[in-house]
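Undergrad: The structure's right below; bear with me while I get my questions together.
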Amino acid sequence: MSVELSDNRDEREDRDSCDSSESPERSAGSPERSAGSRPGGWLREVPQTVFRMAPWPTEAGLRIVGEPDRDSPVLVTCNYDLTVRRVMNALAGSDVWLVVAPTAGINVWCASSGGHMGTHQIVTALKTSGVEERVRHRRAILPQLAATGVEVREVSKRCGWKMRFGPVYANDLPRYLRDGQKKDATMRRVRFDPIERFEMSVTWGGPGVLILAGLAAILHPSFALPLAALTAALSLSVFFLYDRLREPRRVLIGVPALVLSLTLVAWADGGTAAFVVAVIAPLGLLALLTFDFSGSTPIEGGSHFAERDWSIVLDSERCRGVFSCLDVCPEDCFERQEEPRLAVQTHAERCIRCGACVVQCPQDALYFAANDGARIEPDTIRRFKLNLMGKRAVEIGPPDA
Ligand code: SF4
Ligand code: SF4
Numbered sequence: 053m054s055v056e057l058s059d060n061r062d063e064r065e066d067r068d069s070c071d072s073s074e075s076p077e078r079s080a081g082s083p084e085r086s087a088g089s090r091p092g093g094w095l096r097e098v099p100q101t102v103f104r105m106a107p108w109p110t111e112a113g114l115r116i117v118g119e120p121d122r123d124s125p126v127l128v129t130c131n132y133d134l135t136v137r138r139v140m141n142a143l144a145g146s147d148v149w150l151v152v153a154p155t156a157g158i159n160v161w162c163a164s165s166g167g168h169m170g171t172h173q174i175v176t177a178l179k180t181s182g183v184e185e186r187v188r189h190r191r192a193i194l195p196q197l198a199a200t201g202v203e204v205r206e207v208s209k210r211c212g213w214k215m216r217f218g219p220v221y222a223n224d225l226p227r228y229l230r231d232g233q234k235k236d237a238t239m240r241r242v243r244f245d246p247i248e249r250f251e252m253s254v255t256w257g258g259p260g261v262l263i264l265a266g267l268a269a270i271l272h273p274s275f276a277l278p279l280a281a282l283t284a285a286l287s288l289s290v291f292f293l294y295d296r297l298r299e300p301r302r303v304l305i306g307v308p309a310l311v312l313s314l315t316l317v318a319w320a321d322g323g324t325a326a327f328v329v330a331v332i333a334p335l336g337l338l339a340l341l342t343f344d345f346s347g348s349t350p351i352e353g354g355s356h357f358a359e360r361d362w363s364i365v366l367d368s369e370r371c372r373g374v375f376s377c378l379d380v381c382p383e384d385c386f387e388r389q390e391e392p393r394l395a396v397q398t399h400a401e402r403c404i405r406c407g408a409c410v411v412q413c414p415q416d417a418l419y420f421a422a423n424d425g426a427r428i429e430p431d432t433i434r435r436f437k438l439n440l441m442g443k444r445a446v447e448i449g450p451p452d453a
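Going by my numbering, the first residue of the sequence shown is number 53, and it counts up by one from there.
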């Protein structure tokens, strides 16, 4: 068993840069004041949903939401434009400071698991946004899905800010703030509800519809509409059904898609070329849609990558019941036990190997282990910003190799 790890050099090279000399993109004296939804915001919503895989950066720096004072909460998020607008909309009616970190215009989940939202970016944002001059405390709230990339103890060591992880969803922020910054289980778990499923199907299917229908319109106009309909139907099926079906899932979705495709061509009285496209298109599209891209799909658990053989192991001898793992796990894999006080893995089967629990455990009580006995220790996970959802570049061999 071997797994490659990617070394996040930016993070390590920029260590100890609390007093970063990078010029703040928004200076301390000019934070932007939120006025709720800005005009035209919804105009950006559609292209940003369809082309969500592309970065959409907005200016990093400090935003003022409502009428915050020197004791108001400080929240931190990424500089993905859609996220910032949604967070500000969700916070309408609250009085808070919002620090937007420079995460290359990438959303929280992808940026933290891909090395763009790590300890360095958070420290930089806190030190350069001007928030330190505006509040008299040093406590900030991160989105829970940043737990894969941000080492909160390291942030505290480098610049004195105490970080905690808020809810997964921006919409839960008002309740979280109202409840004294306490999370219940519903705020911790990724729900992947119908709206999210629809958005993801648009994100993955939308560009496919545009590309295929556009090409067909040029080369063979009568293919354009059927191909667009097929891509949309497949994308919706994958994101609404795939993770709810038992194996063989690809067959269960692929066969009806193939039948639909051939029926459409027969109905349109297509020739041989049309029948060839009718066979290739649904199979190719299905392969693309069910391929796993760094945990950004709901189907990571069905991955054909070797990483699925790795799982999280909890060393109960080391566990001291700090429960950071419960706080950050987006799949609610752990439960709290009081006597003796420790975490218990009650739903290990749900684990998506994001590594957040390993990164945040102060006792190094969690690690990745493979079926062949290989282990990846917490230090390695933190050093290489490793999760088992993406591209790696360093070999980890079996024990005693
Ligand atoms: S974070 Fe670590 S020490 Fe704390 S409960 Fe979880 S496994 Fe135990
Ligand atoms: S148990 Fe799995 S899903 Fe939960 S935080 Fe750890 S690695 Fe992520």
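All C-beta atoms in this analysis are idealised placements derived from N, C-alpha and C, irrespective of residue type, glycine included. Note that the structure is a prediction, hence the values are computed from the model and not measured.
What's the call for Ile404, buried or exposed, on a 16-neighbour Cβ count within 10 Å?
TA: Along the sequence shown, one-based indexing puts residue 404 at 352. The residue in question, Ile404, is buried, as its Cβ has 16 or more Cβ neighbours within 10 Å.
Undergrad: Short check: CB of Arg18 to CB of Val175, under 8 Å?
TA: Residue 18 lies beyond the range of the chain shown here (53 to 453); nothing can be said about it.
Undergrad: Does the beta-carbon of Ile433 have 16 or more other beta-carbons within 10 angstroms, so that it is buried, or is it exposed?
TA: Residue mapping note: residue 433 aligns to position 381 of the sequence shown, counting from 1. Ile433 comes out buried.
Undergrad: Less than 8 Å between the CB atoms is what I'm expecting for Thr155 and Glu206, so what's the real figure, rounded?
TA: The residue given as residue 155 occupies position 103 in the sequence shown. The residue given as residue 206 occupies position 154 in the sequence shown. No, Thr155 and Glu206 are not in contact; Cβ-Cβ is about 17 Å, not under 8 Å.
Undergrad: Give me the Cα-Cα distance between Pro350 and Phe244, rounded to the nearest whole angstrom.
TA: In the sequence shown, the residue the question calls residue 350 occupies position 298. In the sequence shown, the residue the question calls residue 244 occupies position 192. Confidence at Pro350 is low in this model, with a pLDDT of 44, below 50, so the placement of that residue should be treated as unreliable; the coordinate-derived value is given next. Their Cα atoms are separated by approximately 8 Å.
Undergrad: Among Val102, Val329, Gly260, which has the Cα closest to the Cα of Val520?
TA: As displayed, the chain neither begins before 53 nor continues past 453, which places residue 520 out of reach and without an answer.
Undergrad: Per DSSP, what kind of secondary structure is Pro350 in: helix, strand or coil?
TA: Within the sequence shown, the letter at position 298 stands for residue 350. Low confidence applies to Pro350: its pLDDT is 44, below 50, so where it sits in the model is not reliable, and the reading given next is rough at best. Coil at Pro350, not helix or strand.
Undergrad: If you check the beta carbons only, do Ser164 and Leu114 fall under 8 Å apart?
TA: As a working mapping, residue 164 is identified with position 112 in the sequence shown. As a working mapping, residue 114 is identified with position 62 in the sequence shown. No, Cβ-Cβ distance for Ser164 and Leu114 is not below 8 Å.
Undergrad: May I ask which residues mark the beginning and end of the alpha helix (DSSP H) holding Thr238?
TA: Residue 238 sits at position 186 when you count from the first residue of the sequence shown. Counting along the chain, the alpha helix (DSSP H) containing Thr238 begins and ends at 237 to 240.
Undergrad: Run the proximity test for Val396: is its beta-carbon closer than 7 Å to any non-hydrogen atom belonging to ligand 2?
TA: Counted from its first residue, the sequence shown places residue 396 at position 344. No; taking the cut-off as 7 Å, the Cβ of Val396 has no heavy atom of ligand 2 nearer than that.
Undergrad: Give a yes or no on whether the C-beta atoms belonging to Arg151 and Val126 are separated by under 8 Å.
TA: Position 99 of the sequence shown, counting from 1, holds the residue named residue 151. Position 74 of the sequence shown, counting from 1, holds the residue named residue 126. Per the sequence presented here, residue 151 reads as Val, with Arg not at that position. Cβ atoms of Val151 and Val126: closer than 8 Å.
Undergrad: Just how far apart, CA to CA, sit Ala112 and Val261?
TA: For the purposes of this step, residue 112 is taken as the residue at position 60 of the sequence shown. For the purposes of this step, residue 261 is taken as the residue at position 209 of the sequence shown. If I take the Cα positions, the gap works out to 33 Å.
Undergrad: Need the endpoints of the beta strand (DSSP E) that Ile174 sits in, please.
TA: For the purposes of this step, residue 174 is taken as residue 122 along the sequence shown, with counting starting at 1. Run containing Ile174: none in the beta strand (DSSP E); it sits in the alpha helix (DSSP H), 171 to 180.
Undergrad: What's the call for Met105, buried or exposed, on a 16-neighbour Cβ count within 10 Å?
TA: Numbered from its first residue, the sequence shown carries residue 105 at position 53. That one is exposed.
Undergrad: Could I get the ranges of all uninterrupted beta strand (DSSP E) runs contained in the region 302 to 346, with 3 residues as the minimum, in chain order?
TA: Qualifying beta strand (DSSP E) stretches: none in this window.
Undergrad: Between which two residues does the alpha helix (DSSP H) carrying Gly257 extend?
TA: Numbered from 1 along the sequence shown, position 205 holds the residue referred to as residue 257. Its alpha helix (DSSP H) spans residues 246 to 271.
Undergrad: In whole angstroms, what separates the C-alpha of Phe420 from that of Val380?
TA: In the sequence shown, the residue the question calls residue 420 occupies position 368. In the sequence shown, the residue the question calls residue 380 occupies position 328. So the alpha carbons of these two residues sit roughly 16 Å apart.
Undergrad: Please report the distance separating the alpha-carbon of Trp362 from that of Ala422.
TA: Here the question's residue 362 lines up with position 310 in the sequence shown. Here the question's residue 422 lines up with position 370 in the sequence shown. Trp362 and Ala422: Cα-Cα distance of roughly 4 Å.
Undergrad: I need the boundaries of the alpha helix (DSSP H) containing Thr110, first residue and last residue.
TA: Taking the first residue of the sequence shown as 1, we reach residue 110 at position 58. No alpha helix (DSSP H) contains Thr110, which DSSP labels as neither H nor E.
Undergrad: How about Asp231: is its C-beta nearer than 8 Å to some C-beta of chain D?
TA: Of the protein chains in the structure, only one exists, and it is not chain D.
Undergrad: Assuming Met140 is part of the alpha helix (DSSP H), what are its boundary residues?
TA: Here residue 140 corresponds to residue number 88 of the sequence shown, with the count starting at 1. First-last of the alpha helix (DSSP H) with Met140: 133 to 142.
Undergrad: Just confirm the distance between the C-beta atoms of Gln196 and Arg249, as a whole number of angstroms; I'd bet it's less than 8 Å.
TA: Within the sequence shown, numbered from 1, the residue matching residue 196 stands at position 144. Within the sequence shown, numbered from 1, the residue matching residue 249 stands at position 197. Not quite, the Cβ-Cβ distance comes to about 20 Å (not below 8 Å), so this is no contact.
Undergrad: Between which two residues does the beta strand (DSSP E) harbouring Gln412 extend?
TA: Looking up residue 412 in the sequence shown gives position 360. Run containing Gln412: none in the beta strand (DSSP E); it sits in the alpha helix (DSSP H), 408 to 412.
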